[in-house]
Each structure stands twice: as structure tokens, then as C-alpha cells.
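Protein chains in written order, with this note's numbering: chain Y, 1 to 667; chain W, 1001 to 1329; chain G, 2001 to 2253. Virtual Cβ for every residue (Gly too), placed ideally from N, Cα, C. Every value quoted in this text rests on a predicted model; they were computed, and no experiment measured them. Read the structure below first, then the notes.
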Amino acid sequence: MTYDEIKSVLVLLALLVAGGIFLWRVHQLLWANLRLGQRSGPYKKWGDRIKGVIVYVAGQFRLFRVLIPGTGHFFIFWGFLILSLTILQAIVEGLVSFVNPHFLLPLIGSFGPLALLQDLFAVFVMIAVIYALVVRLIVNPKRYLGSHKSQGVMVLMFIFTIMLSLLVMNGIRINLGQDPLSVWRPISTAVGKVFAGAAAGTQELIKEIAYWTHLGVVLLFLTELPEGKHFHVITSVPAVLLRNLEPHGRLPAAMDLNGQVGVSAIEQFRWRQMFDFYTCTECGRCQDVCPAYASGLPLSPKLLMMELRDNLKERGAALRAHASNSTTQATLARTLVGDVISESVLWACTTCFACDQECPLFIEHISPIVDMRRFLVIEGRVGTELQDALANLGRYGNSFGQSERMRARWTQPIQPPIKDARREPVEYLWFVGDYASYSPTLTDVTVKTAEVFRKAGLDFGILYDAERNAGNDVRRVGEEGLFEMLVEKNSMAMGKCTYHAIVTTDPHTYNTLKNEYPTNGDVNRPVLHYAELLDQLITAGKLKFSKKLGYKVTYHDPCYLGRYNGVYDAPRRVIAATGCELIEMPRHNDGSFCCGAGGGRIWMPEGEIKERPSESRIREAVKLGKVATFVVACPKDVTMFRDAVKTTGNESRIEVKDLIELVHAAL
Amino acid sequence: MNQDIYVVIEHLRGQVAEISCVMLAGAHELAKDMGGSVVAVLLGHNAQGLVGNPSASSGQFLAADKVLYIDHPALADFTSDAYQKALANLISRDQPRAVLFGSTSIGTDLASTLSIKLGLPMISSCRSFSPGGKFVSQICGGKIMAEGDLPGLTALVTMVPGGYKAEQGMGTQSPPITQVETPALESLRVTLAKYVEPESGDVDITKEPILVSVGRGIQNKDNIVLAEDLAKALGGAVSGSRPVIDQGWLTTTRLVGKSGKSVKPKIYLALGISGAPEHVEGITNSDTIIAINTDPVAPIFGVAKYGSEIDLFDLIEVLTEKVKQSKGG
Amino acid sequence: MNIVILAKLVPDLVEELTIDTSGKALDTAWLRMIINEFDDHAIEQGILLKERGGAQVTVVALDIEGVDDVLFTAAAKGADRLIKIKGDFVGVNNHALARAITGVVKELQPDLVLTGVQANNDLDGSLGPLLAGCLEMPYVGYISGVSVAEGKSKARKEYPGGLIAELDVTLPAILGIQAAEQPPRYVAVSKVRQMMKTSTIEERTAPGLDMVGGPTISRMFQPETGQRATMLTGSPEEVATKLVGIFKELGVL
């Protein structure tokens, strides 16, 4: 047999082996394991979904949030796509080499501009890879803590080798006059010059070595692709295509698995959640923005995904094993919640959404955390402080343990009395919220809110004793049953009232009323945060200011107002209208850094932390220099940040004010 | 049948409990209206000496007109079955106007069951007696008082401290002791296996001059360190109320109150403690009580000399700082 | 082993308590009734005993507003049988209540009866020891630990100062629980709701109520708060400064 005939056979064999391994591994992971998962979908709105793939996959949109590595990945990604045709060329040329050793693919093989693009991208990719290697090996940023470094480095070397071997092959072909498009390949030509001095036979040999290196590494990469983080190459398009299009602030309902609520074993997740575990690229961008991780708590969204992925593989294999031995027994005995993921990891999450927002592939981190919390709650594995808070919420409708009859005590000094929405129709139903009603430090702010509403001529009323905690954080803590009970009670109370819109001072309340309560997908009766309402009133001229405050302020975007519900501009317009100058903190808009109170954390002991998220935030504000006022739009933020100002010793430098206080002062 | 007031003396391992003297004081009050004498009922084994040591100081005797003493080995340590049987005999025989028990681990094991067994009316949580032979009891955490006539011909009453001072139940004269015939005490269904000493802790809170005491308001174990810092700055120790000990945030050696210790510090700083009677029982001998509680109607403010509605978490670190500063630290 | 737990509902002290127009009883208009905290501990202790050594746990409660929730919550924790005793129990004293449940408890033939050592509205003794009198069972109160083996129980009885007495109690007996060996566990609302669908509450009717043995109240009132504390107001800084002033005055600083 001639070399070319052998070559074809070998290529075919290699293709079959590598392809087979690849397909087998994909089958095990995607089909066999995912089949164990629960139902997902249905999937609709395909127009939006396809647009998403264009923007987020083709456009690599979220990757640019970390600019330089994002740009690097852009080139590696596009290089991969564009150069995939060269891989196709290499394979086909190998397969048919026994017929024609210089086979060129039709069209693609003769399109000059494509050849140029491939040549240029080969270089871009190699530059990007070198940059990436420098980052991995020398810079080693914190977001990679816990990621598989050796895997990352290995694949980068693979890519580099694939590019280099391609250029060598091309270069020698040009030297030997075998390339009709040589004029379109300047880079390859330059590489070829390195070997131009050697004899033709030697060059042919080097070319074949380059070819086998090229093909070999490609096929090796192929078999490695399903293992670990590079599987995202396969799963990224489906992940973005099938991403969750529900409003961010709407948690999926608890699945009922034969009476079990919550997830206690990996196969109880929905297959779409499992798909997320596979798609994690271990990039660590989520870890970098996580307030729990920053404060030293054991939660890292990235590590969580990796652990879930590993458990899925391990347990999936054990569940499907035909024979049971001590290893499979041991694997099956490991509990997901407890052994694999510790309880402290699950309770550390503030549900701030920074991780889900940051992830380039729309992986949902909060959803599995809440599912596992739901299991802990059903099992009663809940800390004392949280237990007390939940018991109080169940009995009194607030976490303070005070009677519901005290809820409207803050209204007593107000004359004339605030309208009782249960008794008379109002235009705006003001859902006050627990903290604004019961916390003594916040009474002042709540009263000012009432005064501002009055000055604006609003027709508003409150539910008085009939109001209960709206349940947003009860749900995020995993007490789905208590959440349902609160929804029932509040819906019943609101159902008896006549109103045209709901306004609330608390973003958490806002989020759940708007996105999770059954009545409020209703376009005709919108749910507004008071910042939105004030913005509307100012624009309509109904709220006029008598002075310009002239303060230099910074604004903290609350998680449940900003990231979850996209309200960034309204509060800023209100600030501007009061005549204040807004200086942004580095982490603002959807990059805002959580105060640490959400997800029920305000009902849990702090634990061993190095720096409270709220303190980090105050330091960030103080660093701006000229800012003396820290403006917030959430009652829990007022509490958390006022404490942080004290504990960081910044009382003389910065003061925390609720947005309503600015408005009140400027009236 | 007579108009005497019987007081069941409580004692534990050779010590007369303070409540016994409080009851004797109350009995004298009641006896004025009833016209009878005050009789101390002492059950034990070789325990006559207790008549003469109602408190740590010597030269004091139980302030009773006379003592009825029942001796039996089975009565050496308190057990409900034996004491009940012995008292049942005595009360049936003598039918006094009233029998006073402590509202305690000892007294409450006896009074109610005897009430049913002997068909005698009873009143619990009595704090004091008012003129005309009326009882005044406290319920609902001390928030509500109930008054009424002493019922029946023989009434059983359990008493809580607070209405009388123990000193009022101590006298300088030794009352005459009459030994009552020993009853048969067999097939007892409750027997003492052993006592378990309280954990000997690092600190004896009954000897501390300053106590920084925390209640449920401290919210979780993590926050205890705030109280410890303040206590250290002040040169005192940390103590707590029942909920804090039940949760395991402090050891039982730090428990102040009915089941814990009675303390008498110069300053008792109560943080986030509501002031339920079971706790207040343990602090009435403090020189100055200072209470921090966001609930303006917390019962603790009724016994404290100074108070503030401020949130303890807003106050505590600032206070610790200021104390350190004033000490030049 | 057969364990019976008695649970009573008592006024919630979070609410403001007022006296009704007769001046002799609590005004029930705004009264919220919640489970007696000590009975909650008794339920926890009962469930712990069941988890350790296997037992049938029956919870018996009187029909007062809110009792269903209490019973279903107990079921969600692991109670096997729920019994509600029907009748009008407003203004009824503990002697009558004890007599009312005697029949039911006898019928259940318990080895061990657990109930809270006291309740905040007790005026004529507590339910546990009164029932012990009716049933002629031994009673020990202020219990913070129970174990059972071969027809006998070991109970840990609390005395002041942290002293504990370990007692041997022959069964059947009634124990008045001060504290369970661990704080009452949390039960998710959905679990309780599930119990509402799957468990049944057996009902019994109380025979006529015999109030003999209790006192007659001639007057109920709220105590004068005595000498009220001198209240310190102001910011945390100001209050702290005032306190330091007081400490200095008292000679500790």
C-alpha cells in the first residue's frame, strides 16, 4: 500500500475511534444522565431565543463585561468557527488522500478571502492563547481559584498547537507550489519561509508531521471536549437558546416529587438545570461578583456548579451501573445536601442575582440553591434565628415578632389619618412592608414618604392591619408553603380593595408583587416602586421642588430593583430633579454590590466573615472622595448601610439617606 | 379543723430555700385575718436543725409559732410521691385554714395533686395576701393580677416570690418543734437515683459585681461576643435568661432566674430581656438594674431603675467603646 | 410504648391584655391563643422518645380557637394520633379541664403522659399534677430530660442553681416538662398543610364541666408598674454617655 492509502485508512480509523469516544461520552453525559432529570420547558418565544444566540453567542456580548479576556475569547471563539473549516479540510483531505492527496474542498477550498481570514485568525487566536496562558500561569486572577488550571492550560496548548501546525502545513504547501490560494495566505507564507531552505522531500516530511500533529491534536481535543469545562463548546448554543425567558424575579415553582418538596438528590433537578451544571466554563466571573464569596463565606457560585456537575456524573454513573459494588454503594450513599454541598454554602446566598447576571452562558445559580434550601426547610434543618423569623412570619405576618395590630402604629401621629384602603377606594394602594412599618429606625423615613405622597396630591391608602410580609425572602429561603400562605392572605386583603396601582417602598416587596403574585401580571394595575412613581410625578409636573439641594451623592442600586427588575434610570432622574450631583461608584447599575441582607440572610447569623458586603460598599463610596451622601431606595439598605458607616468609622465622612429623604428635603 | 396557716418548708441538701421565709411572711399576714397561728411544716430525715438555719447568717430561725416535724428516711430528699403521702395524712388530720407551698420545683409537685386527692380548693401563683383574707395572684407573665377570697375551709396555695421579703419570715426565737407520727411510706413510685451537680463553670455569676445579661433579643450565638466585650470592659461577666441557655448559646452556669441562680450584683444590665417573672425572681437582690429593650411595655422596666428603648445592637458597641475610653483604655 | 401528650392553648403575651367589662376576667376580643410554650416542649420530648425507642404518640388538646393548627403541626412532627376534646372552655378552670380529660386519657392507657410544667394562665394549679390526682398516677415536674427503659423512666428534675436530680419513676406516670432535650424543631408550613389533608383529628366530647376546686375571682386588674424606670433617650452616643455617667456615679468606673 502507498503512504496515501495508509493515510486514508489511518485517518478513517482515528476519526472512528475519536468520534466514537466523543459520541459515547456525549451520550453518557447528555442523554443518559439528563434522562434522569425532571421535565423542563415548554420552550416558546423562539424569535427571542434565536436573537439571543446571535447576540450572546455570536456576539459574545456578556464576555466583554471583563474587557480584555473577553476580547481574547471573542477571537478564540470566532477563530474556532472560521478555522473549523480548515479542520474539515484536513479530515476530508486525509480520507480521500488515497485518491487525491491534494484534494481541496469545493467552494471553501478556492475562496481567497476566506483563506486570508483564516490566516489572520490563526494569528489572532495564537496571540489570544498566549495572552490566556500568561493570565493562567502568571497573573492567576482570583476568579480562577478552584478552577481546573491544568485542563485550561492543556486545552490552550492544544489550540496553539493546532494553529501552529496548520500554519506549518500551509507554509510548506506554499513552498512546494501546492496551494493555488498562496497569495491570500501571507502569514502561512511567512511561516513557510522558515523551512524554505530544506530539500523538497524533507519539507514533505515536515508537512506530513504537521498534518498528523494537526489532526491528532484536533481529535484528541475532540475526545477531551466532553470532560470538564470545555463541554461548553457543545452546550453553549443550546444553553443560550433554551435560556430562561421568565422575568428574573420569578422563581420557578417548587416541583412536587411524590410529596417531596425541594431537591435532595441530583436526579431531582430538572434536566435543564443539569444542562447548566455541564455548561459551566469555570471562568469564575460569578465568583468575582458574589458578595457572599467576597465576605469570606464558603459559597462560590462557580464551585457550586462544578460540584453539582461532578456529582451528576458520578451519581449518574452509579445509578445506571448494572452491578452494584461497594464503590457504587458508597457513591449512592453520599447525600447531595450535606455530603456534597454543605448547608452553610446553601445558606450563604443573598440571592442578589449578580452571578446569574454575569454569567456569559446564562447559567442559573440561584435556582438550584433555592431548590436545595426548600429541602432543608422541609427537613426542619433550619437555624434558630431563621426558625424564629419564620415562626413569627407565620404567626404575626412579620419577622419582628410583633402583633399585626402594631403594623400601622407609625401612622398614629399623622393628621388627617391615612386612608384605609380596605374601607374606601384609592388610586394608589401603598404596600408599606415589614421594615418600613415596624423598624423604629425607619419610622421617620416612612412618615416622610407619606408626607411626600400628600404633597404630590396622591390619592393613596394602606392596608393597615391586613397587610402581611409580601413573602419575597420567605420564598428565597425555601419556605414555599409559608410563601403561599402569605400570598393568600395578602391577595385576599387586596382583593377586597379598589385601586388602580400598587406602590411600595421596598424592592423585595416590589419584586414579588410584580412578578410572583397571581394578580399582578395585570398591565392595568401596575406595581410601582416609589422611585418609579416619583419619577412619573416629577415628569408630569405634579411634584415640584422648591430648592436644589446641591449635594454630591452616590446611589446604590438595590438588587431587587436594579438587576432583577431593570429600574436604573428612574431613581437617577429623581436624584437629578432634587438638584443633587450623582457620582457613580465603580460597581453600579447591574454591577451593583449587594448589601448582604437578601435571601433571608438578615434572619441568619453572620458567621465567620472577613468583611461585610455592606462595609465593602461603604468603603467604595468613601473612596469616591467628594461624596458625602449615600442614597438608597430600600429600607433594609438603610439599616445595613447605616450600621456599616458606624462599624467602618465613617460617620464624619458619609451619611446614608433614603431617596425619599432627598425628595422630602427638596420640596 | 382550725384557722392555722401551714407553710410547707422547702429545703434542698441541707439548705432552706428562700421561698420558705417569703411564705412565712405571707402566712403571718394571712394569719392576722384568719386568727390562727403560723405553723411551719418540715419534712425530712434528721432535719430538725433546719429550723435554725433559714439563711446563711446564724442566729436566725424560721418565724413560725410552731413547727410540725415529720421524720422518715424516705423524706431525706424531696420526692413527690413520699412528700405527698406524708402531707396528705397531716392535712386531712389537722384541716388548717390554708396550706402554703412554694410555686417551685418542690411545691408544684405537691399542691395540685393534693387538691384533687383531698378535694380541697387551690390557688396558684399567689404573690401576696390582702386585707380580709384575700389572695392576690399573678398570671400571664405578671401582666395580670387576680384577686379573690381564700376559698373553702382549707385552701391550698402556691406562692411566688416578690410580695414579701425573706427577712420578714425569719425570727430571733426558736419556735417549739413537735414531731408528728411517722406515716407508712411504702411502694414509692418516685425515688431519687442521684443528684447531678451543675457544671462548675469558669465564672460564678452570684459573685460578680457587674453582670451583662442577655435575653432572646441577642438573636443568635454570634452576637454573644458583643456582650462579652462589654462585660470585659466593665470588669464583669455575661449571664442570660432561659431562652439563651435553652438554645445553648450560654452554659447553664450563666442562667439567671427561677431554675438558675439568684444574683446580687452592683449592676445588672439586662439586654433584650423582657422581664418575665421567672427571670425577675433571680435579680430582685441586685443593687441597680438597667434594662435595654425596644418594647416600651416590657415588664423589666417595672423592676429596673434605669431603662432605654434603644435597640441593643445600636448601643452595645458604642457603650463598650465609651467604657474603655473612660477607663483610659 | 404509649405516650400521651396534653397540649393547652394560652393567651399570646405579645398582644396587649385587657380586662373585660365584668372586671373579673380577660377580655377575649383581641386575645390570640397560642400553644403553651411548655406544652410545645412536651411534644418535642415525646417525639424524641419516639425517634429513639419507638412509641405511639397521641396528642390531646382542648377545643379552643387555633387548636387544629396545633394538632396538625404535632402530626407533622411525628405524632401518630390527634384527639380534640370538644366543649365550651371559656373561663373554665384547670380542675374542670383535668376532670374533663381524665376519661379520654384513661381510655388511651398511656405508659407516659407528658405535658408542660405550667401555663401562663394557670390560677388553680397546672393541668399535669391535677390530672395525676384524678388518675392516681405519680407526678414529677420541672423535667428537662426523660429516658424510658423496661417500664421505668428516668427523669431529670431541675432545681434552682442548675442542680439536677435524677429520679426513677415507675410507669405509668405524668411528667411536667420544663424543657425538652432540644428546642422544639421547625416544621415547614407545607408539611402542616399536607397533614391537614392526610391526618384526621378524632373528637371526643367533654362530660359536664366540674369547676370545684378552683378559686372565685372577685377582681382582675393590671398591676401598677410600680416605680417605673427612669428612661434614657437619645442617640446611641447620647444613651451610652448617660450610662457611663451612671456607672461612674455607682462607683464602678
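| said: Give me the residue from Arg309/Y, His322/Y, Leu297/Y with the minimum Cα distance to Trp347/Y. | reply: Leu297/Y
| query | By DSSP, does Leu225/Y sit in helix, in strand, or in coil? | reply | coil
| field | Extent of the continuous alpha helix (DSSP H) to which Asn1089/W belongs | value | 1080–1094
| field | Contacts of Gln1247/W in chain Y (Cβ-Cβ under 9 Å) | value | Thr384
| field | Near-chain C residues of the region 1114–1132 of chain W (beta-carbon distance less than 8 Å), N- to C-terminal order | value | Here chain C cannot be found, since the structure's protein chains are Y, W and G.
| With 9 Å set as the bound, which would you pick, yes or no: does the beta-carbon of Met372/Y sit closer than that to a beta-carbon of chain G? | no
| query | Hey, quick one: how far does the beta strand (DSSP E) through Lys2086/G stretch, first residue to last? | reply | 2081–2086
| field | Neighbouring residues, chain W, relative to Glu2150/G (Cβ below 8 Å) | value | Neighbours of Glu2150/G on chain W: none; closest Cβ ~15 Å, over 8 Å.
| message | Cβ closer than 9 Å: which chain W residues qualify as neighbours of Pro571/Y? | response | In chain order: nothing, as chain W lies at least about 27 Å away.
| said: Can you pull out the residues from the region 1132–1149 of chain W whose beta carbon lies closer than 8 Å to at least one beta carbon of chain G? | reply: Lys1134, Phe1135, Ser1137, Gln1138, Ile1139, Cys1140, Gly1141, Gly1142, Lys1143, Ile1144, Met1145, Ala1146, Glu1147, Gly1148, Asp1149
| Who does Trp430/Y pair with in a DSSP beta bridge? | Val503/Y
| DSSP three-state assignment for Thr314/Y, whether helix, strand or coil | Reading the sequence as shown, one finds Glu at residue 314/Y and not Thr. DSSP places Glu314/Y in helix when its eight states are reduced to three.
| task | Alpha carbon to alpha carbon, how far is Lys542/Y from Cys559/Y? Give it in angstroms, no decimals. | result | 29 Å
| Of all the options Val1039/W, Glu1147/W, Ile1289/W, which has the alpha carbon lying nearest to the alpha carbon of Val1180/W? | Val1039/W
| message | As a quick exercise: from Leu2026/G, Val2059/G, Leu2112/G, Pro2215/G, pick the residue whose alpha carbon is nearest that of Arg2204/G. | response | Val2059/G
| query | Considering only the beta carbon of each residue, do Gly52/Y and Arg243/Y sit closer than 9 Å? | reply | yes
| query | Any Cβ of chain Y within less than 9 Å of the Cβ of Ala2188/G? | reply | yes
| task | Output yes if chain Y places a C-beta closer than 9 Å to the C-beta of Phe1313/W; else output no. | result | yes
| field | Neighbour flag for Thr441/Y against chain W, beta carbons, 9 Å | value | yes
| Which residue from Met604/Y, Ile654/Y, Phe460/Y puts its Cα closest to that of Gly625/Y? | Ile654/Y
| request: Apply the 10 Å Cβ neighbour rule to Pro1073/W and answer buried if 16 or more other Cβ atoms are within range, or exposed otherwise. | output: exposed
| If the cut is a Cβ gap below 8 Å, which residues of chain G does Gln402/Y touch? | Val2014
| request: Tell whether a beta-carbon distance below 9 Å holds between Pro1183/W and Val1067/W. | output: no
| task | Output yes or no for whether 9 Å exceeds the beta carbon distance between Gln28/Y and Gln268/Y. | result | no
| query | DSSP three-state call for His529/Y: helix, strand or coil? | reply | strand
| task | Please report how far the alpha carbon of Lys623/Y lies from the alpha carbon of Thr554/Y, in whole angstroms. | result | 11 Å
| Looking at Gly461/Y and Ile418/Y, is the spacing between their C-beta atoms short of 9 Å? | yes
| message | Quick check on Val1214/W - is its C-beta less than 9 Å from some C-beta in chain G? | response | no
| task | Pick out the complete beta strand (DSSP E) segments inside the region 445–501 of chain Y, 3 residues or longer, and give them in chain order. | result | 460–462
| Residues from the region 2208–2221 of chain G in contact with chain W, defined by Cβ distance under 7 Å | Gly2213, Gly2214, Pro2215, Thr2216, Ile2217, Ser2218, Arg2219, Met2220, Phe2221
| Can you find a C-beta in chain W that's less than 9 Å from the C-beta of Leu459/Y? | The sequence given here has Asp at residue 459/Y, not Leu. For Asp459/Y, the answer is no, since every Cβ of chain W falls outside 9 Å of its Cβ.
| By Cβ distance, which residues of its chain are closer than 7 Å to Cys497/Y, with the 5 residues on each side in sequence left out? | Ala421, Arg422, Leu429
| query | Whose CA, out of Thr1172/W, Tyr1006/W, Val1022/W, lies closest to the CA of Ser1092/W? | reply | Tyr1006/W
| request: Express the C-alpha separation of Phe641/Y and Thr504/Y in angstroms, rounding to a whole number. | output: 20 Å
| said: Is there a Cβ of chain G sitting closer than 9 Å to that of Val377/Y, yes or no? | reply: yes
| Can you list, in chain order, the residues of its chain whose CB lies under 8 Å from that of Lys1134/W, leaving out five sequence neighbours each side? | Glu1147, Gly1148, Asp1149, Leu1150
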